[in-house]
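Trainee: At position 45 of the sequence shown the residue is numbered 71 (this note's numbering), and the sequence of numbers has no breaks.
Below is one structure. I have some questions about it.
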Amino acid sequence: MSDIQATAGEGTAKAGLTRTLVGRVVSNKMQKTVTVLVERKVKHPVYGKYMVRSTRYHAHAEQPYNEGDTVEIVESRPISRTKSWVVARLVQAAAAV
Numbered sequence: 027m028s029d030i031q032a033t034a035g036e037g038t039a040k041a042g043l044t045r046t047l048v049g050r051v052v053s054n055k056m057q058k059t060v061t062v063l064v065e066r067k068v069k070h071p072v073y074g075k076y077m078v079r080s081t082r083y084h085a086h087a088e089q090p091y092n093e094g095d096t097v098e099i100v101e102s103r104p105i106s107r108t109k110s111w112v113v114a115r116l117v118q119a120a121a122a123v
């Protein structure tokens, strides 16, 4: 009976572990890969000022995305040495110039 409860608990705990981030595509020069810039606000520990910090992620993209598009990326298994994220959806397309 304890075996049944343990397997039921594993499925529910693993489902909530997916990390999603929203960022802007800054490079689409690679094949099936885009570079996504994710910005976040961090409070300075001493002065209390909020600063903008950014991180670049390489994400796998089956569809072509343009620079400036806002996309949502989801963490996945390692696809290559630098790619562990997959583009889930297009949030907002870039404004045409």
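Using N, Cα and C, we set each Cβ at its ideal position, and we do this for glycine too.
Is it a yes or a no for the segment 90 to 97 touching the segment 46 to 60, going by three-plus beta-carbon pairs under 8 Å?
Mentor: Segments in contact, yes.
Trainee: Is the beta carbon of Leu47 closer than 9 Å to that of Val68?
Mentor: Not in contact: Val68 and Leu47 (Cβ atoms no closer than 9 Å).
Trainee: Quick test of your reading: Ser110 and Glu98, contact by CB under 8 Å. State the CB separation rounded to the nearest angstrom.
Mentor: The pair is not a contact, with the Cβ atoms about 15 Å apart (cut-off 8 Å).
Trainee: List the endpoints of the continuous beta strand (DSSP E) containing Val68.
Mentor: Counting along the chain, the beta strand (DSSP E) containing Val68 begins and ends at 59 to 69.
Trainee: Could you check where the beta strand (DSSP E) with Tyr83 kicks off and where it finishes?
Mentor: That run of the beta strand (DSSP E) goes 76 to 86.
Trainee: By DSSP's criteria, Gly136 is part of a beta bridge. Which residues make up the other side?
Mentor: In the structure as shown, the chain starts at 27 and stops at 123, and residue 136 therefore has no counterpart that could be examined.
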